[in-house]
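Trainee: Okay, handing you the structure first.
Number of protein chains: 2
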Amino acid sequence: MILIEQLRNIAVFASLSDSSLHELSKHMELVKHPKGAIIIRADKVEPNFFVLEKGIARAYCNGENQEITFWFGQAGNVLFSFNSYINNRPGYENVELLENSTLIQMRLNDLFSLYEQNLEIANWGRKIAEQELIATEKRLIDRAFKGAAERYQEFITQSPELNKRVALKHIASYLGVTQVTLSRIRAACK
Amino acid sequence: MILIEQLRNIAVFASLSDSSLHELSKHMELVKHPKGAIIIRADKVEPNFFVLEKGIARAYCNGENQEITFWFGQAGNVLFSFNSYINNRPGYENVELLENSTLIQMRLNDLFSLYEQNLEIANWGRKIAEQELIATEKRLIDRAFKGAAERYQEFITQSPELNKRVALKHIASYLGVTQVTLSRIRAACK
DNA sequence: TCATTTTTTTAACATTTGTAAAATGTTGCC
DNA sequence: GGCAACATTTTACAAATGTTAAAAAAATGA
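Protein sequences, first through last, are from chains Y and C.
First residue of the first sequence? That's 276 in the numbering used here, and the numbers climb one at a time after it.
First residue of the second sequence? That's 276 in the numbering used here, and the numbers climb one at a time after it.
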């Protein structure tokens, strides 16, 4: 159980009334994990939904000889195994904390029950999925229209915090290039 | 106004009760457009939400010297301007019908009112966004892990109908390659 | 059917990006 | 400090894809 005042500071909860926030908070708890912790594992149904209260995280898939980072989370972002959340099936992604972090944690089953009971919370969940959807689609389109150098410039402009705190190898795969290519891009614009 | 029996044949409505379906159907109408019609235009807020009842469609963005197709819709798919639907702002995409098509059309404002009134419909809207989200994210990940040839093989396996009915130039940009590259891939696996 | 337009393929060449391996830089810890 | 582990850059070369232009094939409409 978490205090409503604490949730009010987190942007993702801004649209909710006190009463809905209270309903949610009953099922939430605060957990801490150290840097390097893997909080979601591929091939396992993850029963929890998280909000990153403090810290940063990355989601990645394991390929044959490489790891691809395809998502970064910062304080205030929601964090869940897409396939567990949406289809109740094992996910394809691992989520690793890149710093010592604090997470708000809630059972998916509790969240799903609230979706079936509370109209405001159901619409809140809808908007979360919609915002993630539009961000993901924009990234897909950017891959087609923008070169790797331009995507990198945009990344450091729009996510200066991540740029400071995340290893370049993770940024490289997030941008869809190898680390060598990213090094070349960085060398070219010095 | 559309008959409930007609909607029952469309997979996306399967989870809804008769009563919710009736609420939706009050605001729906059936419209026909010819092949080549542009039903959603970039830089314009599109006030309607559509379900493709018959036909196929593609969403594309205009670049400097190229058009990038990033989405295909078939019978049963929902179809809307993401930015209009989600942020009430002009979109970035055009949607063109690739065949003579029949569409179920509904005002976004009517849909949004139902989201605020009807729990079942709000959760239905949530699931639509979630399904689109997971499909889009999988495509983004596939771009990183799979070569263009493999993505093409998967496309023709998973979307044989689109493969038959859509021009190769559109498939090429959907897969993230030029038409020349797709031609080479097709020549190599003959 | 024929002519016209559009789509698809092919070719030659340029560019980008990838791969592998070595060199350099950074960090944390004893 | 100095070692060990890890991250980043650099180099040389290979592979994939892009660009441009032209030819071939297919679709369209009178």
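Note that beta-carbon positions come from the ideal geometry of N, C-alpha and C, so glycine has one too.
What are the boundary residues of the alpha helix (DSSP H) that includes Y/G459?
Mentor: Numbered from its first residue, the first sequence carries residue 459 of chain Y at position 184. Note that residue 459 of chain Y is Arg in the sequence shown, not Gly. First-last of the alpha helix (DSSP H) with Y/R459: Q454 to A463.
Trainee: Listed in chain order, which residues of the segment 328 to 341 of chain Y have Cβ atoms closer than 7 Å to some Cβ of chain C?
Mentor: Under the 7 Å Cβ criterion, the segment 328 to 341 of chain Y contributes C336 and G338.
Trainee: For Y/V353, list the residues DSSP reports as bridge partners.
Mentor: As a first step, residue 353 of chain Y must be located in the first sequence, where it is residue number 78. Paired residue(s): Y/V326.
Trainee: Going along the segment 437 to 451 of chain C in order, which residues come within less than 9 Å of chain Y, judged by CB to CB distance?
Mentor: If the cut-off is 9 Å between Cβ atoms, the segment 437 to 451 of chain C has S448 and G451 near chain Y.
Trainee: Which of the residues in the segment 353 to 367 of chain Y, read from start to end, lie with their CB under 8 Å from any CB of chain C?
Mentor: Hits within the stretch, in order: F357, N358, Y360, I361, N362 and Y367.
Trainee: For C/E405, go through chain Y and note every residue whose CB falls closer than 7 Å to its CB, in chain order.
Mentor: Taking the first residue of the second sequence as 1, we reach residue 405 of chain C at position 130. By Cβ distance, chain Y contributes I361 and A404.
Trainee: Along chain C, which residues have their Cβ under 8 Å away from the Cβ of Y/I343?
Mentor: Counting from one through the first sequence, the residue named residue 343 of chain Y turns up at place 68. Near Y/I343 (Cβ distances below 8 Å), the residues of chain C are I416, A419 and F420.
Trainee: Kindly list the residues whose CB is nearer than 7 Å to the CB of C/D417, restricted to its own chain and excluding five residues on each side of it in sequence; keep chain order.
Mentor: The residue given as residue 417 of chain C occupies position 142 in the second sequence. Once the five neighbours on either side are set aside, the close Cβ partners of C/D417 are R426.
Trainee: Along the chain, where does the alpha helix (DSSP H) containing Y/G422 start, and where does it finish?
Mentor: On the first sequence, position 147 is the one that residue 422 of chain Y refers to. Taken as a continuous stretch (DSSP letters only), Y/G422 belongs to no alpha helix (DSSP H), as it is neither H nor E.
Trainee: What residues are listed by DSSP as bridge partners for C/F347?
Mentor: For the purposes of this step, residue 347 of chain C is taken as residue 72 along the second sequence, with counting starting at 1. Partner(s): C/R333.
Trainee: Please state if the CB of Y/I314 and the CB of Y/L372 are separated by a distance shorter than 8 Å.
Mentor: By one-based count along the first sequence, residue 372 of chain Y stands at place 97. By one-based count along the first sequence, residue 314 of chain Y stands at place 39. Their beta carbons are under 8 Å apart, which means Y/L372 touches Y/I314 by this criterion.
Trainee: Against chain Y, does C/A397 count as a neighbour if the rule is that its beta carbon must be under 8 Å from one of theirs?
Mentor: Locating residue 397 of chain C in the second sequence gives position 122, where the first residue counts as 1. Yes, C/A397 counts as interfacial toward chain Y.
Trainee: Kindly indicate which three-state DSSP category Y/R364 falls into: helix, strand or coil?
Mentor: Looking up residue 364 of chain Y in the first sequence gives position 89. DSSP places Y/R364 in coil when its eight states are reduced to three.
Trainee: Counting contacts by CB-CB distance shorter than 8 Å, is Y/Y427 in contact with chain C?
Mentor: Position 152 of the first sequence, counted from the first residue, corresponds to residue 427 of chain Y. Not an interface residue.
Trainee: Which of the three DSSP states, helix, strand or coil, is assigned to Y/E341?
Mentor: Position 66 of the first sequence, counted from the first residue, corresponds to residue 341 of chain Y. Per the sequence shown, residue 341 of chain Y should be read as Gln rather than Glu. Reduced to three states, the DSSP call for Y/Q341 is coil.
Trainee: Throw me the rounded Cβ distance for the Y/L378 and Y/L327 pair, which I believe falls under 8 Å.
Mentor: Start at 1 with the first residue of the first sequence, and residue 378 of chain Y comes out as number 103. Start at 1 with the first residue of the first sequence, and residue 327 of chain Y comes out as number 52. 6 Å between Cβ atoms; contact.
Trainee: At 3 residues or longer, what runs of the beta strand (DSSP E) sit wholly inside the segment 283 to 312 of chain Y?
Mentor: 303 to 308, all fully within the segment 283 to 312 of chain Y.
Trainee: Can a CB atom of chain Y be found closer than 8 Å to the CB of C/G351?
Mentor: Numbered from its first residue, the second sequence carries residue 351 of chain C at position 76. False, the Cβ-Cβ gap to chain Y never drops below 8 Å.
Trainee: Is the Cβ-Cβ distance between C/L394 and Y/L394 less than 8 Å?
Mentor: In the second sequence, the residue the question calls residue 394 of chain C occupies position 119. In the first sequence, the residue the question calls residue 394 of chain Y occupies position 119. Contact: yes.
Trainee: Examine the Cβ distances between the segment 430 to 443 of chain Y and the segment 329 to 346 of chain Y and report whether three or more of them are shorter than 8 Å.
Mentor: Yes, the segment 430 to 443 of chain Y touches the segment 329 to 346 of chain Y.
Trainee: Considering only their Cβ atoms, is the gap separating Y/A447 from Y/L437 smaller than 8 Å?
Mentor: Position 162 of the first sequence holds residue 437 of chain Y. Position 172 of the first sequence holds residue 447 of chain Y. Not a contact, by the Cβ cut-off of 8 Å.
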